[in-house]
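Protein chains in written order, with our numbering: chain D, -11 to 657; chain Y, -11 to 657.
Glycine included, each C-beta is placed from N, C-alpha and C at the ideal position.
Computed from a predicted model, the values in this text were never measured in an experiment.
Everything on this sheet refers to the single structure shown next.
Number of protein chains: 2
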Amino acid sequence: MQYTKCWLDWKEIPKEQKRKCYYRPVLLACGPVAATAGEEYCISMGEMLGREISLLEMADGCEPAVFLEVDGAMQTGARNEALAEQTFAIREEGDSIRITGRSEEALLQGVFAFTRMVSLAQLDEKLPFQCIPSMPLRMMDHWDDMDGSIERGYSGRSFFYDNYEILYNERTEMYVRLMASIGVNAIVINNVNVHERETYLITDAYLAQVKKYADLFARYGIRLFMCVNFAAPMQLGNIPVSDPLDPDVIAWWQDAVKHVYEVIPEFGGFLVKADSEGRPGPITYGRTQADGANMLARALAPYGGILIWRCFVYNCRQDWRDYKTDRARAAYDHFIELDGEFDDNVILQIKNGPMDFQVREPVSPLFGGLKRTNMMIELQIAQEYTGQQIDLCYLIPMWKEILSFDTYACGEGTPVEQVVSGRSYAQVNCGMAAVINTGDDENWTGNDLAGANLYGFGRLAMDPSLTAEEIASEWCRLNLSQSDEVAKVVVPMLMGSWATYENYSSPLGIGWMVSPPTHYGPDVDGFEYDRWGTYHRSDLHGIGVDRTDAGTGYVNQYNEPWRSIYGKMDTCPEELLLFFHHVPYTYVLKTGKTLIQHIYDTHFEGVEEVEEMQRQWASLEGKIPDRAFRCVSERFERQLANAIEWRDRINTYFYRKCGIGDEKGRKIY
Amino acid sequence: MQYTKCWLDWKEIPKEQKRKCYYRPVLLACGPVAATAGEEYCISMGEMLGREISLLEMADGCEPAVFLEVDGAMQTGARNEALAEQTFAIREEGDSIRITGRSEEALLQGVFAFTRMVSLAQLDEKLPFQCIPSMPLRMMDHWDDMDGSIERGYSGRSFFYDNYEILYNERTEMYVRLMASIGVNAIVINNVNVHERETYLITDAYLAQVKKYADLFARYGIRLFMCVNFAAPMQLGNIPVSDPLDPDVIAWWQDAVKHVYEVIPEFGGFLVKADSEGRPGPITYGRTQADGANMLARALAPYGGILIWRCFVYNCRQDWRDYKTDRARAAYDHFIELDGEFDDNVILQIKNGPMDFQVREPVSPLFGGLKRTNMMIELQIAQEYTGQQIDLCYLIPMWKEILSFDTYACGEGTPVEQVVSGRSYAQVNCGMAAVINTGDDENWTGNDLAGANLYGFGRLAMDPSLTAEEIASEWCRLNLSQSDEVAKVVVPMLMGSWATYENYSSPLGIGWMVSPPTHYGPDVDGFEYDRWGTYHRSDLHGIGVDRTDAGTGYVNQYNEPWRSIYGKMDTCPEELLLFFHHVPYTYVLKTGKTLIQHIYDTHFEGVEEVEEMQRQWASLEGKIPDRAFRCVSERFERQLANAIEWRDRINTYFYRKCGIGDEKGRKIY
């Protein structure tokens, strides 16, 4: 079993940066997580200093030292106690440094932040430093199944499961260290699509093994969550229904949860996908989503558990002939009426957009709609629709756009970030979750560069004010090379990659057009006559879905001014034009180009940009680790083939449909 | 294990039809197949007479009797000894009847023919009767895999294999009786795509089990064939190559074949799919198809074995951007130059059309091209592209058209039937093969009505002069009901079903447009940008593939006058128009309709025809066995849904593309 250490693969720092105090860590706190903080300090700083480091006993005259301490009375300025608990500070005291956490967990975060700053030589610039995490919950969702496969996994097999056994080995520990080091504090260990065998995860069939994970996670300040099958009472309890208002069902869940907490007192809670894509749920019994969620939440509440309920509920058996039903409307339509009905320990997990992790979507209107409901945003680090870790697509710029999108929920200046961090409505149970992109590939993420998305998600959830460039630069320096020369190549490459992927794939917000079985590669009509509610409606005159008042009315789910802005073709942001409007090929965009010429141009450009990235990457040979160089080189080859296929299929498809040639006379087949 | 007896489910005949001699069978021949003939007589006639029948000993004064005899000196008029051997006659002698076979196998065929005539009350009309089979080889190809699945199987699982074991049970015997009763004399027991485990079928891992099949088949006059993996010497023999000219390879095959014949002396031979769709073959070693086939044929020759070599060789990694390569050309291009180079015990197995069992294709030009090569036609009873035994598609009319297609190979009047029966070039190793449509469904063929295709293939291979109506009527009376009332509903339904399927699926010979993974249901662009060489090339102006001189030149593979007829849009048979030409939507057909209006009309009609079939079928309730009634009713429901989906997707697709509305203003989405 080989695996890299990613951003924890510390390199020795230059001699002139080695402060005396670094060699002298003093742990002033006790408890298991504080002990982890001490260990992590010694591991990381030992590697950076080029010699073994161990914790010193506190004694007079041991300074200069790096003090690792917990101060429960620390003044943080955090807006609530939950975030205060997660706050840490790093400051200099003479030649010494003091890393102070309000809690043990915060101290551990402080140590990771400190070691990162040391490695990046940022200490002078950053200290004194205080961090109040932005998002209370920073969660990773694993779509790992117990057979060892990963739904939408592009980095090998699961390192959690194989053949219905739970794995536990050195890699597990490395994984947890990586997660903790970027601020993750919650991990869901199984797929939201809970299959037959996985339903048993909450039973004695597996709980003892799960507890080993929970214990390990706990030592790193991370809570373990599980996905449950809403029909578990039927499958496991022999109860004829899973009606959330049925007393037997309620009692069954209470017992099940009680037992989970008996085995795992620090258990985090459940994540549930119900009434979605064939999963069971409360609708079967004429109950609301709130009935379902609250029932489970109440079983969890006595133990401090949290119930996370996904809003990805839509009709996945739509008739393509039906122009009225609009999948984009579904989440809002299902949940808006229930605002205020969910218990305090329920969080609704809302995908960033109304469809499903496309390369470009508007922001879900639920963020601007719900006001009395705890919310988390769900992002997807796994590049299901954005190149599957073959193609490079650095997602931080997308996520930054989403987080800064102004919902106007409380008037101007209510960005998504504020809503999901709990600031808008003074909520505690809030945050960011993401479908993780890891697997048992040596480099964890298939494409080494896809590690930047994993790293970046954690960093962004801690501090959304970080720029995408800063995160790219951090990741590049920690993972590939400290050299500016390398960063000068890699950072712009990462920064431009989303636009490139968008250029050669589906245009202007329409999404889909991917191969239905794999979601990789083009198939323009692949979903067009299918049941998934994902259509482009193109004909010889134009393309796009009319979601205005005259169409599906989806625009009305937004607060003003978005409703008006999106509602008119000339004010609609052009990158979303085809999401909101059916537009003639001859429509002239703000660039002065027609829609069809824009499609041709971006698709030719997309391929050229991949070729340029490939050239740029080739220039790094010898300047970065050889394994990473070769891995990414091979991925770029496949990306180029994919980009060419996209370019040619999209261009040919639309040329055949509209008959309008490329102004520049380039080859369209 | 439940299964029906299909056309061997004899009913008691009316009293007035029970001739005295029927009760008194006298077997005048010995040998195992003659014994089978005696048994089959007793089983069938016993059921028809309503009491047990047993063979009488020959004695003076036993007449009237039915004499079952073998006469090796019988005058047949057959054109060669191989067919003479298969000839039988049935004649009256006073009150007695004499069933005479030139061989035991022919006698068995005579008994089956006799019992069928008795059941159908045809004796008066048909006797005296002589049958010289038209096709020397009448072969069933099973695409069964040893895991128990069937490639392109639509009738349940394999009854030959399960979980890599060979099955042998009562059903096996019923199967062989069914096959023998329709004249089948060769069965290939495994899939042409020979996977890893199936490669071992010719070894001691399985031969003892295969021998049980071979013995059973032999008792019914059927020879057993197997598909082999051309790379078997590498997989099984540890030889680094499978080059057909390599001495080690040659020796390996000689040994392997020798051993097969040691175990199974009556073994028929091999069927090979080489150099096709990823299968290994001689091309890898720079050898010709003839090199590959002859090498295997020479290993088989000492034992009288036959080597059947498929001509389904084409580039299945084509680039959709490539308008010059034409899959339709491939078989002819690969094999025409090799005419005369194949050994006498080699037969080329040629699919009926140049593509792959589409609902409408021209006849393969190879039948008119090869003149010094043994040929078999390969048909597909399994409805891979014609509704998968959900939709009704009676294929006998299609096969009749194909067999009567005049190749002009030896001047006017050289139909395919003459070529593949060996008459054109005085060949012995020739015939018809078909991919069978059976599985372990209770009714064998998924849809009961699909049994007519299975039955009809055998009948047609024995006697291509039978009309499709005659076969339909026979099948209907033997399987559903003897009543004229039922036949009056079922026979026209069968006869019209191919046209109906064609009406609602892909138009005018263009084929494909099916869902790529399943080959069922519509996906107009499903194969359009894929690697399989199957394109419709439609754009806003028109649709179709130019295969004239100006296009791919495929028409030149035909003898005149076809070359000229197909080459021009106005002489090309319109049902094949889009196969040969790229045609504007506004092109006016001989009906006076434009192409696009023809597409709309046929698709609306196709659905209406299915609705009419459904109504007709409903009228049979209570008049046919309930199980069959319910089975087919359920299939018609699914067929209607499928037809509607085809209608709407095809109409919408082309309406969106050309913008020309339906003249009749019907709903297009």
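- When the alpha-carbon of residue 114(D) is set against those of 130(D), 572(D), 85(D), 136(D), the nearest one is in 85(D).
- When DSSP states are grouped into helix, strand and coil, residue 77(Y) belongs to the strand group.
- For a Cβ distance threshold of 9 Å, residue set 513, 517 of chain D lies close to residue 512(Y), ordered along the chain.
- In this structure, residue 442(D) lies away from residue 455(D), with their beta-carbon atoms at least 8 Å apart.
- Sixteen is the threshold: since fewer than 16 other Cβ atoms of the shown chains lie within 10 Å of the Cβ of residue 579(D), the residue is exposed.
- Rounded to the nearest whole angstrom, the CA to CA distance from residue 645(D) to residue 528(Y) is 5 Å.
- Only those residues of the region 520 to 535 of chain Y whose C-beta falls short of 9 Å from the nearest C-beta of chain D are listed: 525, 526, 527, 528, 529.
- Beyond the five residues adjoining it in sequence on each side, residue 237(D) comes within less than 7 Å, by CB distance, of 221, 227, 229, 230, 231 in the same chain, given in chain order.
- For the pair residue 244(Y) and residue 323(Y), the Cα-to-Cα distance works out to about 27 Å.
- Excluding the 5 residues flanking it on each side, residue 98(D) has same chain C-beta neighbours closer than 8 Å at 25, 56, 76, 77, 78, 87, 88, 89, 119, in chain order.
- Of the residues assessed, residue 216(D) falls on the buried side of the cut-off, its CB having 16 or more other CB atoms within 10 angstroms.
- Contact between the region 486 to 493 of chain Y and the region 588 to 596 of chain Y is established, with three or more Cβ pairs separated by less than 8 Å.
- By the Cβ neighbour-count rule, residue 9(D) is buried, with 16 or more other Cβ atoms within 10 Å of its own.
- Distances from the CA of residue 563(D) to each of 523(D), 498(D), 543(D) were compared; the closest alpha carbon is that of 498(D).
- Around the Cβ of residue 576(Y), a 10 Å sphere holds fewer than 16 other Cβ atoms; the residue is exposed.
- Proximity of residue 273(Y) to chain D, defined by a Cβ-Cβ separation below 8 Å, is not satisfied.
- When DSSP reads this structure, residue 57(Y) sits in a beta bridge with 88(Y).
- Straight-line measurement puts the Cα of residue 425(D) at about 27 Å from the Cα of residue 471(D).
- By the neighbour-count criterion, in which 16 or more other beta carbons inside 10 Å mark a residue as buried, residue 386(Y) falls on the buried side.
- Taking a Cβ-Cβ threshold of 7 Å, the residues of chain Y close to residue 309(D) are 636, 657, in chain order.
- Interface annotation for the region 491 to 505 of chain D against chain Y: 505, criterion Cβ-Cβ distance under 8 Å.
- If one requires a minimum length of 4 residues, the alpha helix (DSSP H) runs lying completely within the region 126 to 207 of chain Y are 158 to 169, 195 to 207, in chain order.
- Under the three-state reduction of DSSP output, residue 366(D) falls in the strand class.
- What residue 304(D) touches in chain Y, judged by beta-carbon distance under 8 Å, is nothing: the nearest beta carbon there is about 17 Å away.
- Taking a C-beta distance under 8 Å as the contact criterion, residue 450(D) and residue 367(D) do not qualify as a contact pair.
- In the DSSP annotation of this structure, the continuous segment of the beta strand (DSSP E) that includes residue 211(D) starts and ends at 211 to 215.
- Taking 8 Å as the CB threshold, residue 644(D) lines the interface with chain Y.
- Residue 116(Y) counts as exposed, since fewer than 16 other C-beta atoms from the protein chains shown sit within 10 angstroms of its C-beta.
- For the region 581 to 596 of chain Y, the set of positions with a beta-carbon nearer than 7 Å to some beta-carbon of chain D is empty.
- Each of 545(Y), 375(Y), 598(Y) was checked against the Cα of residue 319(Y), and the nearest Cα belongs to 545(Y).
- The beta-carbon separation of residue 522(D) and residue 500(D), rounded to 4 Å, stays under the 8 Å limit for a contact.
- As computed with DSSP, residue 298(Y) is found in a beta bridge with 337(Y).
- Beyond the five residues adjoining it in sequence on each side, residue 12(D) comes within less than 7 Å, by CB distance, of 44, 50, 52, 53, 54 in the same chain, given in chain order.
- Here residue -6(Y) is buried. Its C-beta has 16 or more other C-beta atoms within 10 Å.
- In the displayed model, residue 313(D) falls within coil according to three-state DSSP, outside both helix and strand.
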